[in-house]
Structures are given as C-alpha cells and as structure tokens.
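Read through the structure below, which is laid out as structure tokens, and then see the notes.
There are 2 protein chains.
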Amino acid sequence: MGRTPPHPEVSQFDLQQVLEALVDPVRRSIVTQLDAADEDVKCGGFDMAVSKSTATHHFKVLREAGLIRQYYVGTSRMNALRRAEMDEAFPGLLDALTTRQATGR
Amino acid sequence: MGRTPPHPEVSQFDLQQVLEALVDPVRRSIVTQLDAADEDVKCGGFDMAVSKSTATHHFKVLREAGLIRQYYVGTSRMNALRRAEMDEAFPGLLDALTTRQATGR
DNA sequence: GCAGAAGTACGACCGCTGTCAAACTTTGAT
DNA sequence: ATCAAAGTTTGACAGCGGTCGTACTTCTGC
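What follows is the structure, given as structure tokens:
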C-alpha cells in the first residue's frame, strides 16, 4: 500500500455524490466525529458498529465524495475532514449537519 | 379523496428522514422548484421526467419528511414548501441546497 | 525473519427504493 | 349523467448499496 489514494479536487465536488455520502448514518457519524475532533483520526479510532471491511467501504465513499482526506502513518490510515474545501463548494452544508439539532446532542 | 393527508409536526422532523428525502435528484428538484416559485404548485406543475405514479411516490416521501405541505384544490393537489418549519428544525440545511452552487444554476 | 496489527480487495447476499403500468377514485365541466 | 382531468393505489420488477467473511497486503516491533 503506502500509496495515497486518489482525492477529488474542489472543482470536481458533486452535490449528488456528497449527499449520497452523507445520507448514510454511519458515514454521517464519521463526519461529525471528525468535526468534533481536534486532530485527524485513524480509521480504527471511530466509534462505529460495523465490520472492518464495511468501514473501509464507508471511508472510500467519503473520500471519493471529497468529504475526507486520507493519508498513511505507519499501518494506520489517518482521516481529516476537508471542511474548508467543502464549505467553499457547498456553503453551509456541513454547518447544517454538525449543529446540536442535527447531531442530536 | 378530499381528505388532507397526514403531516408531521416540526417536533417530529427527523434528520435522517429529511436527508433520505433530499438525496433523490427528482425530489430535490421539486424542492428547489418550490423554493424558486412565488406560489404553491400543483403536482402536475413541476418539471420532472417520471410517470404520475412515481411522482405521487416522491411527493409522499417529501410530505412525510415534513418538507412540503399538501392540500387539495379541486382535483389538483397543491404543494407548499415548509421553509420556516424546516429552518427551525434544521437551520441552514435548505439554504445550503438552494444556492446557486448547489442547484448548479 | 516472524508475528501481529491495520486496512484493503473481492464475492456474495439481501433488503430497500425508484420505476412503471394498470386499475381505480374523485372532482369539475359539459 | 357523462366524460375528462388529476392523482392514488397496488403489484411487480430491477438495480443499487450496505453488510459481512475470507483472503490478502503492508508495515512495525521483537
């Protein structure tokens, strides 16, 4: 592995794809956890109740939609929320999904 | 018919349900068309390329999520966007989906 | 080197959802 | 009364997407 997976550029962000990524509760939870975290989080560092292979799938969907950036550190894959870029492409969208009312906290 | 179909109250709005409603391109188009319209629009008044029965299905999903309010006028069913109520439940969400960037116009 | 940890890739399965056609209901107009 | 317009309901179908297990790859530490 070691190689960095492909990431779309901001100009290529697609609303349909972003919404399809965010509609899944597991993936939306990943996004809100990332938003609440101070640092980048490795794949195994999330609170979610699915198998590893399913988790990989979800991270891939998020990455291909442009919501997260992934890079390797040792055997761990780190995940960073692409906040600023998402805000640039779709202003207010992530804000609306990370509020107390939206997250239910 | 004649009877008004059931509508959820604001306190019952569910983000998951709302997102599932908005993730479909046909339904999101209905919402943006409603948002751009000055008046309520009857079911047949939308620009969409699906059969009538499919359209009925989409309106039902939107209504049950709380995104639209429906009422009869003669044989026509009118549709109104529940903007204020949606904004109250999930501030910024509809805004984010009705901008130029989001609608692609 | 070897074992373990961390993910990935690949198939398979299954349930959900968008789609349509056909038959039906209700209302308004002639 | 009849007929047409506007939606609804039901049933069927197809495709997609989330899920998992298993096998595989890479890297780290001993």
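Quick mapping for you: the protein sequence lines, in order, are chains A and B.
If you're matching positions, the first sequence starts at 84 in the working numbering and goes up one per residue.
If you're matching positions, the second sequence starts at 84 in the working numbering and goes up one per residue.
Just so you know, even glycine gets a beta-carbon here, dropped at the ideal spot from N, CA and C.
Note that the structure is predicted; figures quoted are calculated from it, not measured.
Cutting at 8 Å between CB atoms, please list the residues of its own chain near phenylalanine 173 of chain B, excluding the five before and the five after it.
For phenylalanine 173 of chain B, where only same-chain residues beyond five positions count, the Cβ hits under 8 Å are Phe96, Leu98, Val101.
Flag this pair as touching only if the stretch 139-158 of chain B and the stretch 167-184 of chain A have three or more C-beta atom pairs under 8 Å; answer yes or no.
Touching, no.
Which runs of the alpha helix (DSSP H), 4 residues or longer, sit entirely within the stretch 124-156 of chain A?
135-148, all fully within the stretch 124-156 of chain A.
Using DSSP bridges, identify the partner residues of alanine 163 of chain B.
Per DSSP, B/Arg152.
Can you look up proline 108 of chain A in the DSSP assignment and give me helix, strand or coil?
Three-state result, proline 108 of chain A: helix.
Taking CB distances under 8 Å as the criterion, tell me whether glycine 149 of chain B reaches chain A.
It does not: the Cβ of glycine 149 of chain B has no partner Cβ on chain A nearer than 8 Å.
For arginine 165 of chain A, count the other beta carbons within 10 Å of its own beta carbon; 16 or more makes it buried, fewer makes it exposed. Which is it?
Under this definition arginine 165 of chain A is a buried residue.
I'd like the list of long-range same chain contacts for glutamine 116 of chain A, defined as Cβ closer than 8 Å, with 5 residues on each side in sequence excluded.
Hits under 8 Å: Val124, Phe129, Asp130.
If we define contact as Cβ-Cβ less than 8 Å, is methionine 84 of chain A a contact residue for chain B?
With a pLDDT of 49 at methionine 84 of chain A, under the threshold of 50, the predicted position of this residue should be treated as unreliable, and no value is reported.
How big is the Cα-Cα spacing for arginine 183 of chain A and serine 159 of chain B?
For arginine 183 of chain A and serine 159 of chain B, the distance between alpha carbons rounds to 39 Å.
Rounded to a whole number of angstroms, what is the C-alpha to C-alpha distance between methionine 84 of chain B and isoleucine 113 of chain B?
Low confidence applies here, because methionine 84 of chain B scores a pLDDT of 49, under 50, leaving its location unreliable; read the following figure in that light. Roughly 23 Å separates the two Cα atoms.
Taking 6 Å as the limit between beta carbons, can you name the residues of its chain near methionine 161 of chain A, skipping five residues before and five after?
These residues qualify, in order along the chain: Asp123, Lys125, Tyr154.
With DSSP as the reference, label leucine 102 of chain A as helix, strand or coil.
In the structure shown, leucine 102 of chain A sits in a helix (DSSP, three-state: H, G or I).
With 16 other CB atoms within 10 Å as the buried threshold, where does alanine 167 of chain B fall?
So alanine 167 of chain B ends up on the exposed side.
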